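**Q** Below is the structure I would like to discuss, written out as structure tokens.
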Amino acid sequence: MNASPIVRTPGNARMSKMVRAGNLLFLAGQTSSGAPEARTIEEQATEALGRIDTLLEQAGSSKQQLLSVTIYLKDMALFDRMNAVWQNWVDPQHLPARCTVQATLGLPELLVEFNVTAAANEQQPPACA
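Under our numbering, think of the first position of the sequence shown as 1154, with each following residue one higher.
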């Protein structure tokens, strides 16, 4: 039995930006960039979701092919505000499994991080870069 090749999109010294195994895509946690300390939850969530769109497109996928999303919030008091951004972004006809938890994130100024698993089209080449 031949396993599908595992293709890793370089990220940094600690992690891949994205990993493709067969037709499954695993994205590294997506946050906002730049100066997040001056940004609202709405701004941070919008930027992170835009980064997800970009990575999925690079791999021949889209938010319509989301399988599972885990959302990490710095404070659950931000849930409703983050959820409003999510509802404007997600395709209501293709909702993924989802979990939202409160967590201490990698940088103190970050308010939200999204961890995504998605399907990719078979006809796409195995590279995700």
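Just so it is clear, CB atoms sit at the ideal spot from N, CA and C, and this is done for glycine as well. Here the structure is a predicted model, which is why all the values come from computation and not from measurement.
Would you kindly work out how many angstroms separate the C-alpha atoms of valine 1160 and alanine 1174, rounded to a whole number?
**A** Cα-Cα distance, rounded: 7 Å.
**Q** Thinking C-alpha only, which one of Thr1207, Met1229, Gln1240, Ala1201 is nearest valine 1254?
**A** Of the listed residues, the one whose Cα sits closest to valine 1254 is Met1229.
**Q** Go to valine 1238, then tell me how far its beta strand (DSSP E) extends in each direction, as first and last residue.
**A** From DSSP, valine 1238 is part of no beta strand (DSSP E) but of the alpha helix (DSSP H) over 1232-1242.
**Q** Quick check on the burial criterion: 16 or more other C-beta atoms within 10 angstroms. Buried or exposed for glycine 1213?
**A** Buried.
**Q** Going by beta-carbon coordinates alone, are glutamate 1266 and threonine 1207 separated by less than 8 Å?
**A** The answer is no: Cβ separation not under 8 Å.
**Q** In the DSSP assignment, find the alpha helix (DSSP H) that holds arginine 1204 and state where it starts and stops.
**A** Start and end: 1194-1211.
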